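Following my numbering, the numbering of the sequence shown begins with 24 at its first residue and continues without gaps.
Every residue, glycine too, gets a C-beta built ideally from N, C-alpha and C.
Please read these numbers as outputs of a predicted model, since none were measured by experiment.
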Amino acid sequence: MVTGDRVIIDAWGPARTSLETVELRLLARAGAEVNKLGYTHFVILHVRDRNLPIAGSFSGASIFGSDEKRIGTYEALVRDRYERDYGAAPRAWWNPGLTAVIQPLNAAEDEIAFNAGELYETINRSEMPR
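Here it is in structure tokens:
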């Protein structure tokens, strides 16, 4: 845990890894961590894309500096990807990755949340590139 009930999760890939693959890795890692902590669900509160420069720097601002979001479905994560993708911003394909702050939850705490166990099993059974 980072602060109270928050956990930071990182996911990355080698050069030219698609953002979709990095997102699936992020979700799989979040699901595994939430299960390990004894929770059943989670929401993503903040996401920072290492592929996009922030103010001309790839180190960017603190992930906690953005407004809190409550991303609890894959559709919401994809929608957030397009909000993060600043159109013409150059991508740093040599360092593809995401950093996210997640909040582990128990099933009854939030109606929109990823089911950690189901998500982890589904992603690990898929043909996702490693």
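Between the C-alpha atoms of N58 and R39, what's the straight-line distance to the nearest angstrom? Each residue's alpha carbon lies about 30 angstroms from the other.
Please go through the same chain and pick out, in chain order, the residues whose beta-carbon is closer than 7 angstroms to the beta-carbon of Y143, but skip the five residues on each side of it. So the list reads A51, G54, A55, N58, once near-sequence residues are dropped.
Taking C-alpha atoms, which residue in Y62, L121, G140 lies nearest to T44? The shortest Cα separation from T44 among Y62, L121, G140 belongs to L121.
Compute the Euclidean distance between the alpha carbons of S80 and R71, then round it to the nearest angstrom. Residue placement at S80 is poorly supported in this model, since its pLDDT is 48, which falls under 50; the coordinates are not used for a value here.
Please classify R148: is it buried, with 16 or more other beta-carbons within 10 angstroms of its beta-carbon, or exposed? Counting every other CB atom within 10 Å of its CB across the protein chains shown gives R148 a total below 16, marking it as exposed.
Taking DSSP as the reference, what is the three-state secondary structure of L128? The answer is strand: DSSP assigns L128 an E or B state.
I believe A123 touches I32 by the beta-carbon criterion, under 8 angstroms. Please report the beta-carbon distance rounded to the nearest angstrom. Indeed, because the Cβ distance is near 5 angstroms, the residues count as touching under 8 angstroms.
Quick check on this structure: which residue in R73, L47, E46, A136 has the alpha carbon closest to the alpha carbon of R93? With respect to the C-alpha of R93, the residue from R73, L47, E46, A136 having the closest C-alpha is A136.
If you compare alpha carbons, which of V30, H64, F65, S41 is closest to R104? Considering only alpha carbons, the answer is S41.
Buried or exposed for E46, please, with buried defined as at least 16 other CB atoms from any protein chain shown within 10 angstroms of its CB. Flag for E46 reads buried.
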